[in-house]
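This report concerns only the one structure given below.
Numbering (our numbering), first residue to last: 9 to 311.
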């Protein structure tokens, strides 16, 4: 039975018996228990007693047993528990990512599609050893509509991921997630194809957000409902946004699943790491180095 509750009748200027509750929420929960047992109950806040349940004196013993049984059965079930969660809002550094996509599209248009020839994903990556295409393809788009769709969705999702994990870790995470999505697409597609676009990165950001609370379980194991709810919400959003038959569903799925794993891993790190400048700079430098190396290799073989 919760500490601070008292099931003994108290003299009041009414013909009703009092059952003390710890707070309003507890009084409401207990009133539902009594109502389900056919016991009439009134919730009141009395100056002398705080929140109480008023029941007929003849039903007091039965009401006390029902509440005691309810408390016993739910003694390990935390209905309302305080969680210590990191605070974050939105990181406007995502605008630089959007501007980068626009720049690459403008550059590709100016070079009459030759940038696409050098950096687009295709079915010959494994045969030619051009591994860098899994990264460079994420910077290219087929047309303005394709660019606008990825930039608008990515602006929201990546901005939230950057606020949660830091701009450097988030950028490295979505870059790797998009690359893994391209790898999955390469090995699963059986026909010749050309793939390009940042949608794998966008789905990776969604996966990272869906797994952002996994690390809370280290110190607060009762928060598993929060983790499952976040996974479920991310999965529903992925179904609505990532399973368009006209798009590369395999790359989207691979990016989302990779984002789940990367987001879970980052969330498991100590929060002081995610907030540390050195860690953010290291991850951001790795992301830029990987992308710069990939484009240098792509353009060096451009004929």
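Note that beta-carbon positions come from the ideal geometry of N, C-alpha and C, so glycine has one too.
DSSP bridge partner residues for residue i (one or two, in chain order)
i           : result
residue 130 : 202
residue 26  : 62
residue 54  : 58
CA nearest to the CA of residue i, picked from the options
i           : options               : result
residue 117 : 146, 132 and 151      : 151
residue 224 : 214, 271 and 69       : 271
residue 163 : 137, 212 and 306      : 212
residue 40  : 71, 66, 57 and 110    : 71
residue 185 : 210, 171 and 176      : 210
residue 44  : 65, 108, 74 and 153   : 74
residue 4   : 204, 166 and 60       : For the chain, the structure presents residues 9 to 311; residue 4 sits outside this window and is missing.
residue 277 : 222, 42 and 29        : 222
residue 285 : 35, 176, 46 and 126   : 176
residue 171 : 187, 199 and 282      : 282
residue 204 : 174, 136 and 129      : 129
residue 108 : 206, 29 and 58        : 206
residue 178 : 199, 136, 198 and 100 : 100
residue 300 : 115, 29, 143 and 114  : 143
Exposure label - residue i; buried when at least 16 CB within 10 Å
i           : result
residue 124 : buried
residue 76  : exposed
residue 85  : For residue 85, the predicted structure reports a pLDDT of 49, less than 50, and the residue's modelled location is therefore unreliable. The matter cannot be settled from this model.
residue 119 : exposed
residue 264 : buried
residue 55  : exposed
residue 261 : buried
residue 36  : exposed
residue 158 : buried
residue 230 : exposed
residue 42  : buried
residue 121 : exposed
residue 34  : buried
residue 202 : exposed
residue 295 : buried
residue 291 : buried
residue 293 : exposed
residue 240 : exposed
Distance, residue j Cα to residue i Cα
i           : j           : result
residue 195 : residue 220 : 29 angstroms
residue 259 : residue 208 : 6 angstroms
residue 87  : residue 145 : Confidence at residue 87 is low in this model, with a pLDDT of 46, below 50, so its placement is unreliable and the value that follows should be read with caution. Between residue 87 and residue 145, the C-alpha separation is close to 48 angstroms.
residue 160 : residue 104 : 13 angstroms
residue 139 : residue 133 : 6 angstroms
residue 192 : residue 257 : 10 angstroms
residue 288 : residue 251 : 32 angstroms
residue 65  : residue 226 : 48 angstroms
residue 302 : residue 155 : 21 angstroms
residue 27  : residue 52  : 10 angstroms
residue 149 : residue 255 : 12 angstroms
residue 188 : residue 228 : 31 angstroms
residue 307 : residue 166 : 28 angstroms
residue 249 : residue 304 : 32 angstroms
residue 238 : residue 247 : 14 angstroms
residue 235 : residue 174 : 20 angstroms
residue 78  : residue 58  : 21 angstroms
residue 197 : residue 137 : 17 angstroms
residue 245 : residue 62  : 47 angstroms
Beta-carbon gap between residue i and residue j smaller than 9 angstroms
i           : j           : result
residue 112 : residue 168 : no
residue 190 : residue 233 : no
residue 243 : residue 266 : no
residue 183 : residue 298 : yes
residue 268 : residue 309 : no
residue 25  : residue 80  : no
residue 50  : residue 38  : no
residue 147 : residue 127 : yes
residue 181 : residue 274 : yes
Min CB distance residue i to chain B below 9 angstroms
i          : result
residue 78 : The chain inventory of the structure shown lacks chain B, comprising one protein chain alone.
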